[in-house]
Amino acid sequence: MAEATKAPAKAPKLADPMEASIDVATQEMIRRAQQLQIETVFDRAVTMKPCAIGMQGICCKNCAMGPCRLPLPKDGIQGEDTRKGLCGATANTIAARNFIRMIAGGAAAHSDHGRGVAETFLSVARKETEDYTIKDPAKLRAIAPYYGVETTVEADGETLDRDIDEIALAVAESAIAEWGKNGGELLYLDRAPKPLQEKWEAMGVKPRAIDREIVEIMHRTHMGVDQDYKNLMKQGARASLADGWGGSMIGTDLQDVMFGTPSPLQSEANLGIMKEDHVNIIVHGHEPLLSEMIVAASQSQEMLDYAKEKGAKGIQLGGICCTANEILQRHGVPPAGTYLQQELAIITGACDAMVVDVQCVFQNLANVAKCFHTKLITTHPIAKMEQENVIHIEFDEHYAMQDAKRIVKMAIDNFQERGAEIMIPRHKTKQIAGFGVESIQYHLGGTFRGDYYTLNDNIINGRIRGIAGVVGCNNARTKHNDAHIKIIKELIKNDVIVLTTGCSAIAAGMEGLLTPEAAGVHCGPGLAEVCETVGIPPVLHLGSCVDNSRILLAATEVVKAGGLGDDISDLPAAGSAPEWMSEKAISIGQYFVSSGVYTVFGYHMPVEGAPVFKDYLYKDMEKMYGGKWDCEADPIKHAHKMIAHIDKKRAALGIDKARERVLMDMADRQALGME
Ligand code: NFS
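Take a look at the structure:
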């Protein structure tokens, strides 16, 4: 009887692979996971709905009288908005608090990464480690003046180059001080165009010390402190600038100094880079301190010989997330996939070790790893997992190579433990990565002019309509890679050159958009002509998410080269994060907005429940910084919002006519049957 009343056990709801991703390798692996009855993020996204009130940014849980939830009335707000929490906090206050706490989280993540890099650089400068060295002394000399460090010395009436070790030590000490110094402002703010610095001054948002700005967000958003959304956002802007022009920029620069400044190189992307007859090691996370050493260890003769001894043909390294981008741009190590593909790399059955450090790592990796032979290794003292099958090998930069070899050896030893369940999707795509401020200068500068002359010239004459930065994550609430690819394709079709980083860059690589050949297939005639002449892809891979600082500096170089206004906000340029999900994305978005960039996010923004605060971000900010937020989930409309902004800036610069002429030339040529 009791049996009869029992509801039949329901089969769990599963993701539809075709709806979950546009990428064939990903679709195949989702199907594979479902066959093996291994749950992935794609399945969880169909079974668990997000909280509607949290999504709108109007749930306050900053004290134990709450959580206070302030849903919008069904028929919208008529007259005065009377919603308030127990303490009286308005929807604007709550949404602004939540928003800047996201900035604090994001800025903290980037900046702590930067701090780790700076500390390692200090060890290098003090000669406490032999595993890391100064690989790019020219870059060190180039950044030293921003730290107030002299690069020359006077001796016997002559000016000589100062000893590089002395410069390193002085730069390292000055860089470390940026996190906690008392008084003054961040040194790298000086690299921004002067009018932008003046705006920051007028707004009172120049960051003082990196840690201080993040701490101040936590204080201001504590119960009963800052209750003015404008004042809260002022601190949000300040902390975000401490990320973009502080922690991230210092991180990028010192990584370049220690590991080499990237230059264009060829590689591949997607899960198909894994090899059945090789030991496959997937490095996942963010900090290149660890992955650099894993690259070196896995290329060492000792480890290669050991792998052969154990029956493997070699060692195949691959990356996931921004670690992938770090080792791609400096060593050509191919990314195995984006953020949403992390579980799938293990489900191939051929992942002998997955080595993770910090950020964007799913805890469910441990559950997936349990189903296979895969060793899941955490390496960072601040990022462990509770599951028992996870191995923790703490990585110490003073014994970096030793630790890395231990990890690689563990993967090799695990090669023979593989089960029969191996399925590596065949798909992988060729790509060129490794662009940066310096290489764009090389490719798009004048032969005799060390600046961005050719780029500016082509923007002014209209062959290139404008510049877009398309960056950021995947989000399991939206179709994997769909918005990234549609937006990028629509931009380049309309002659907008794209600079990309993070998982967006990996997505573009997987889709074949990071090759010079993509220009002829996907670009408008103007951009195609420039790319074909110069031999570059229409979408330039600038690295990881901390390398968004490269985009800030590239934009500054464009301003300096002349002819396109005197501030970043004058440029025909726009930013986008089509499938964002992390707090880091919000911090990045805000520092782009505060640096004068019109920035459009996809999916949704957690501000819908506070319309006044939303208007402040989407409209009023433009008057303060020249940049503002926007959100558009539809990829084509999203791209056209960016293009409309680019055209508005072209008109303001008086260069819209040049572009019309170019288009007429094309039409004329078509009329003559030349196309
Ligand atoms: Ni960026 Fe990198 Fe990817 Fe998003 Fe995560 S990896 S730092 S946060 S998901 S782009």
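In this note's numbering, the protein residues as written are 39 to 713. All C-beta atoms, glycine included, are put in the ideal place defined by N, C-alpha and C.
Residues in its own chain within less than 6 Å of I319 by CB, not counting five upstream and five downstream? Taking the sequence shown and counting its residues from 1, the one referred to as residue 319 is at position 281. Cβ within range, chain order: L355, A391 and A449.
In whole angstroms, what is the alpha-carbon distance linking D451 and R82? Position 413 of the sequence shown, counting from 1, holds the residue named residue 451. Position 44 of the sequence shown, counting from 1, holds the residue named residue 82. Between D451 and R82, the alpha-carbon positions lie close to 33 Å from each other.
Does the region 362-370 come close enough to the region 296-305 to have 3 or more Cβ pairs within less than 8 Å? The region 362-370, when compared against the region 296-305, does touch it at the 8 Å Cβ threshold.
Would the C-beta of A623 count as close to the ligand NFS, meaning under 7 Å from any of its heavy atoms? As a working mapping, residue 623 is identified with position 585 in the sequence shown. Correct: A623 has its Cβ closer than 7 Å to the ligand NFS.
Excluding the 5 residues flanking L178 on each side, which residues of the same chain have their C-beta closer than 8 Å to its C-beta? Within the sequence shown, residue 178 is the residue found at index 140, counting from 1. Contacts found: I172, I202, I205, A206, V209 and V295.
Taking the alpha carbon of T386 as the point to measure from, which residue in Q397, V393 and C409 has its own alpha carbon closest? On the sequence shown, residue 386 is found 348 positions in, with the first residue counted as 1. Closest by alpha carbon: C409.
Beta-carbon proximity check, H430 vs D395, cutoff 8 Å: Here residue 430 refers to the residue found at position 392 when the sequence shown is read from its first residue. Here residue 395 refers to the residue found at position 357 when the sequence shown is read from its first residue. 8 Å or more divides the Cβ of H430 from the Cβ of D395.
Under three-state DSSP, which class holds G356? Looking up residue 356 in the sequence shown gives position 318. Note: G356 maps to strand in three-state DSSP.
T416 lies in the beta strand (DSSP E); which residues open and close that run? Within the sequence shown, numbered from 1, the residue matching residue 416 stands at position 378. T416: member of the beta strand (DSSP E) spanning K413 to T416, first to last residue.
Following a CB-centred definition, is V411 positioned closer than 7 Å to any heavy atom of the ligand NFS? The count along the sequence shown starts at 1 and reaches residue 411 at position 373. Residue identity check: residue 411 is His in the sequence provided, not Val. No; taking the cut-off as 7 Å, the Cβ of H411 has no heavy atom of the ligand NFS nearer than that.
Classify M659 as helix, strand or coil using the three-state DSSP reduction. Position 621 of the sequence shown, counted from the first residue, corresponds to residue 659. Under the three-state reduction of DSSP output, M659 falls in the helix class.
Is the region 103-120 close to the region 246-254, with three or more CB pairs under 8 Å? Fewer than three beta-carbon pairs drawn from the region 103-120 and the region 246-254 are found closer than 8 Å, and the two stretches are therefore not classed as touching.
If I measure Cβ to Cβ from L108 and keep anything under 6 Å in the same chain, skipping five residues before and after, which residues do I get? As a first step, residue 108 must be located in the sequence shown, where it is residue number 70. Shown here for L108: same chain residues with a beta carbon closer than 6 Å to its own, the five before and five after excluded, namely I96, R121 and A129 in chain order.
Where do the ends of the alpha helix (DSSP H) carrying T131 lie? Here residue 131 is taken as the residue at index 93 of the sequence shown, counted from 1. Segment A129 to A163, the alpha helix (DSSP H) holding T131.
For the alpha helix (DSSP H) containing H522, name the first residue and the last one. The count along the sequence shown starts at 1 and reaches residue 522 at position 484. For H522, the enclosing alpha helix (DSSP H) begins and ends at D520 to K531.
Are the Cβ atoms of A280 and F651 separated by less than 8 Å? As a first step, residue 280 must be located in the sequence shown, where it is residue number 242. As a first step, residue 651 must be located in the sequence shown, where it is residue number 613. At the C-beta level, A280 and F651 stay beyond 8 Å of one another.
Is E306 helix, strand or coil when you go by DSSP? Within the sequence shown, numbered from 1, the residue matching residue 306 stands at position 268. Three-state DSSP puts E306 in a strand.
Measure the alpha-carbon distance for A145 versus L590 and round it to whole angstroms. The residue you call residue 145 lines up with position 107 of the sequence shown. The residue you call residue 590 lines up with position 552 of the sequence shown. When rounded, the separation of the alpha-carbon atoms in A145 and L590 is 16 Å.
Give the DSSP bridge partners of F400, in chain order. Residue 400 sits at position 362 when you count from the first residue of the sequence shown. Beta-bridge analysis with DSSP links F400 to no other residue.
May I ask whether a heavy atom of the ligand NFS can be found less than 7 Å away from the beta carbon of N452? Stepping through the sequence shown from its first residue, residue 452 is reached at position 414. Flag unset: Cβ of N452 not near the ligand NFS.
Count the other C-beta atoms from every protein chain shown that fall within 10 angstroms of the C-beta of C669, then say buried if there are 16 or more, exposed otherwise. By one-based count along the sequence shown, residue 669 stands at place 631. It counts as buried.
Mapping the DSSP letters down to three states, classify H430 as helix, strand or coil. By 1-based counting over the sequence shown, the position of residue 430 is 392. Three-state DSSP puts H430 in a strand.
8 Å CB neighbourhood of G357 in its chain, flanking five on each side removed: In the sequence shown, the residue the question calls residue 357 occupies position 319. Around G357: I320, V321, H322, S329, N363, E364, I365, L366, V371, P372, P373 and A374.
Who are the near neighbours of C89 in its chain, counting only those whose CB is closer than 8 Å to its CB and skipping five residues on each side? Counted from its first residue, the sequence shown places residue 89 at position 51. So the qualifying residues of the chain are C97.
Beta-carbon proximity list for T290, same chain, < 7 Å, skipping 5 on both sides: Residue mapping note: residue 290 aligns to position 252 of the sequence shown, counting from 1. Excluding positions up to five away in sequence, the list reads V584, D585, S587 and R588.
Quick one: does the C-beta of N308 sit closer than 7 Å to a heavy atom of the ligand NFS? Counting from one through the sequence shown, the residue named residue 308 turns up at place 270. The nearest non-hydrogen atom of the ligand NFS is 7 Å or more from the C-beta of N308.
Leaving out five residues on either side along the sequence, give the residues of the same chain with a beta carbon under 8 Å from the beta carbon of K413. Your numbering for residue 413 matches position 375 in the sequence shown. Hits under 8 Å: D390, A391, M392, A407, I429, M448, A449 and N452.
Do you know offhand how far H148's Cα is from I138's? As a position in the sequence shown, residue 148 is number 110, starting the count at 1. As a position in the sequence shown, residue 138 is number 100, starting the count at 1. Their backbone Cα atoms lie some 15 Å apart in a straight line.
Pair within 8 Å by beta-carbon distance, G510 and A615: Here residue 510 is taken as the residue at index 472 of the sequence shown, counted from 1. Here residue 615 is taken as the residue at index 577 of the sequence shown, counted from 1. Yes, Cβ-Cβ distance for G510 and A615 is below 8 Å.
My parser needs the alpha helix (DSSP H) runs of 4 or more residues fully inside the region 457-512; what are they? Listed in chain order, they are 475-482 and 491-498.
What is the DSSP secondary structure of A40, counted as helix, strand or coil? Your numbering for residue 40 matches position 2 in the sequence shown. Here the model assigns A40 a pLDDT of 45, short of 50, so the residue's position is not dependable, and the following value carries that caveat. For A40, the secondary structure class from DSSP, reduced to helix, strand or coil, is helix.
Classification of E476 by the beta-carbon crowding that lies within 10 angstroms, buried from 16 upward: Here residue 476 refers to the residue found at position 438 of the sequence shown. Using a 10 angstroms sphere on the CB of E476, the tally of other CB atoms reaches 16 or more, which defines it as buried.
Based on DSSP bridge pairs, tell me the residues matched to L578. In the sequence shown, counting from the first residue as 1, residue 578 sits at position 540. According to DSSP, L578 shares a beta bridge with L537.
Meets three-Cβ-pair contact criterion under 8 Å: the region 648-666 and the region 622-632: Contact between the region 648-666 and the region 622-632 is present, with at least three C-beta pairs closer than 8 Å.
Who pairs with V394 in a beta bridge, going by DSSP? Within the sequence shown, numbered from 1, the residue matching residue 394 stands at position 356. Looking at the DSSP output, V394 shares a beta bridge with H322 and T416.
Exposed or buried, which one is G198 when buried takes at least 16 other CB atoms within 10 Å? As a working mapping, residue 198 is identified with position 160 in the sequence shown. Before going on, a small fix: residue 198 reads as Leu here, not Gly. Counting Cβ neighbours within 10 Å, L198 comes out exposed, since fewer than 16 surround it.
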